[in-house]
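Chains as they are written, first to last, in full-length UniProt numbering: chain B, 1 to 200; chain C, 1 to 200.
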């Protein structure tokens with residue numbers, strides 16, 4: 001069975017950087033939310049083209065929803081979100097079956113529980129998350145500290161809700177992880193070699 | 001400044017074994033609750049002897065309380081507990097000043113916060129804590145699983161209360177630690193070399 005490492009993370013804690021560096025150190029494949037969403041989108045896009053061609057209908061409603069969301073449903077928005085989740089879950093399972101990998105986000109710890117992944121959670125205190133966001137990119141440049149704090153809290157609230165809806169577990173609860181790493185006082189690239197050693 | 005590693009732990013999670021092995025791997029001094037209590041007891045014993053001799057009084061009240069508890073107090077039990085805590089805090093600070101060390105329990109993470117210790121928390125799920133307790137010692141042999149679960153929960157409740165009273169922080173909150181390690185699916189001696197690498 002392939003070696004799977006899943007990473008949950010607070011926004012601004014450096015979870016993606018940690019995941020990327022860990023994958024690189026181990027020579028594992030690396031997948032994160034953006035990659036998984038992009039793949040899901042492309043698959044649904046191509047599936048919808050196929051559908052449109054098969055049924056001789058014009059393609060419609062871009063940006064694309066995935067097939068399942070066109071079924072009649074009591075709550076179409078929920079139905080669509082569920083379908084996206086299921087599609088991503090399918091992709092994540094394929095990734096895990098294909099090779100050793102590090103997967104960041106997307107409830108991969110829960111989706112792959114039968115693979116017994118090593119589950120890492122990356123977190124930090126608010127001050128260092130604000131600092132990291134400011135260093136990382138220009139898009140937060142105009143935000144005050146208060147606004148940035150609200151943004152961080154807001155994104156993590158959404159992550160918590162997403163995780164809880166699909167897994168039934170509390171997001172960030174340490175009992176759902178094998179290792180929780182606080183990056184507050186940490187230079188990420190300095191701790192990666194030690195953590196990588198857990199897997200060799 | 002010396003390198004200090006503090007370890008908080010749930011009862012039955014293997015925190016002491018982890019601490020001992022980590023200290024051994026790093027060549028650091030190792031202190032835990034029993035050692036600290038023993039030192040505190042011996043110091044208070046000798047201090048009381050001195051006091052008794054100086055004041056020409058017979059020594060009294062063995063097992064010994066520490067000096068401070070003989071002062072008049074509104075709540076003598078609380079006063080005594082506080083005095084024991086303060087005595088242990090003094091000893092822990094001396095240990096940290098003396099050499100690199102690993103200290104298990106006794107709020108050492110909080111007491112030594114000015115030393116910026118690396119703070120580890122060791123935990124596990126209930127099933128594996130029960131298993132570990134059964135493997136460890138004969139004293140729990142006669143307990144049913146239910147009784148053992150109650151014992152574990154009871155000890156951790158006391159630890160949580162002790163920690164919260166003296167530090168004002170929630171016990172086991174991952175934000176108060178740099179690294180939280182779940183030993184549920186772990187052979188402790190196998191992870192120690194990787195974790196030790198964080199400090200070399």
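For each residue, glycine too, the CB sits at the ideal point set by N, CA and C.
| task | Express the C-alpha separation of residue 104 of chain B and residue 143 of chain B in angstroms, rounding to a whole number. | result | 26 Å
| Taking Cβ-Cβ distances shorter than 8 Å, what residues in chain B pair up with residue 191 of chain C? | 198
| field | Within 7 Å of chain C by C-beta, residues of the segment 114 to 127 of chain B in sequence order | value | 123, 125
| How would you call residue 117 of chain C, buried or exposed, if buried means at least 16 neighbouring beta carbons within 10 angstroms? | buried
| field | residue 129 of chain C beta carbon less than 7 Å from that of residue 13 of chain C | value | yes
| Mind checking residue 102 of chain C: buried by the 16 CB within 10 Å criterion, or exposed? | buried
| said: I need the DSSP call for residue 107 of chain C, collapsed to helix, strand or coil. | reply: coil
| What separation, rounded to the nearest whole angstrom, lies between the Cα atoms of residue 41 of chain C and residue 120 of chain B? | 41 Å
| said: Measuring straight from C-alpha to C-alpha, what distance separates residue 30 of chain B and residue 39 of chain C? | reply: 51 Å
| query | Using a C-beta cutoff of 7 Å, does residue 170 of chain B count as contacting chain C? | reply | no
| task | Kindly confirm or deny that the segment 5 to 24 of chain C and the segment 106 to 113 of chain C touch, where touching means at least three C-beta pairs closer than 8 Å. | result | yes
| Same chain only: Cβ atoms within 7 Å of residue 189 of chain C, ignoring 5 sequence neighbours per side | 21
| task | Measuring only between beta-carbons, confirm whether residue 179 of chain B sits less than 7 Å from chain C. | result | yes
| task | Please check if any C-beta of chain C sits within less than 7 Å of the C-beta of residue 201 of chain B. | result | Residue 201 of chain B lies beyond the range of chain B shown here (1 to 200); nothing can be said about it.
| field | residue 175 of chain C: contacting residues in chain B (beta-carbon distance under 8 Å) | value | 123, 125, 182
| query | For residue 11 of chain C versus residue 181 of chain C, is the C-beta spacing smaller than 7 Å? | reply | no
| Going along the chain, which residues of its own chain have a beta-carbon closer than 7 Å to the beta-carbon of residue 111 of chain C, five neighbours each way excluded? | 89, 92, 93
| said: Tell me the DSSP secondary structure of residue 6 of chain C in three-state form. | reply: strand
| Is it the case that the Cβ atoms of residue 96 of chain B and residue 197 of chain C are separated by a distance below 7 Å? | no
| By Cβ distance, which residues of its chain are closer than 7 Å to residue 32 of chain B, with the 5 residues on each side in sequence left out? | 16, 19, 104, 105
| Sheet register partners of residue 179 of chain B (DSSP bridge) | B:120, C:181
| message | Buried or exposed for residue 87 of chain C, going by 16 or more other Cβ atoms inside 10 Å? | response | buried
| field | residue 113 of chain B burial status per 10 Å Cβ neighbour count (16 or more: buried) | value | exposed
| query | What span of residues does the beta strand (DSSP E) with residue 30 of chain B cover, start to end? | reply | 29 to 31
| field | For residue 165 of chain B, the nearest candidate out of B:85, B:183, B:126, B:146 (CA to CA) | value | B:85
| Beta-carbon of residue 194 of chain B versus every beta-carbon of chain C: anything under 7 Å? | yes
| task | Please name the residues in the segment 85 to 96 of chain B whose beta-carbon is closer than 8 Å to at least one beta-carbon of chain C, in chain order. | result | none
| said: Let's test the definition: count the other Cβ atoms within 10 Å of the Cβ of residue 78 of chain B and tell me whether it reaches 16, buried, or not, exposed. | reply: exposed
| message | Bridge partners for residue 102 of chain C per DSSP, in chain order? | response | C:5, C:30
| Could you give the distance in angstroms between the alpha-carbon of residue 37 of chain B and the alpha-carbon of residue 169 of chain B? | 22 Å
| request: Less than 8 Å between the CB atoms is what I'm expecting for residue 124 of chain C and residue 183 of chain C, so what's the real figure, rounded? | output: 5 Å
| query | Do you know offhand how far residue 138 of chain C's Cα is from residue 191 of chain C's? | reply | 26 Å
| query | For residue 185 of chain C, which residues in chain B fall below 8 Å Cβ to Cβ? | reply | 116, 178
| task | With DSSP as the reference, label residue 142 of chain C as helix, strand or coil. | result | coil
| message | Between the alpha carbons of residue 100 of chain B and residue 171 of chain B, how many angstroms are there, rounded? | response | 25 Å
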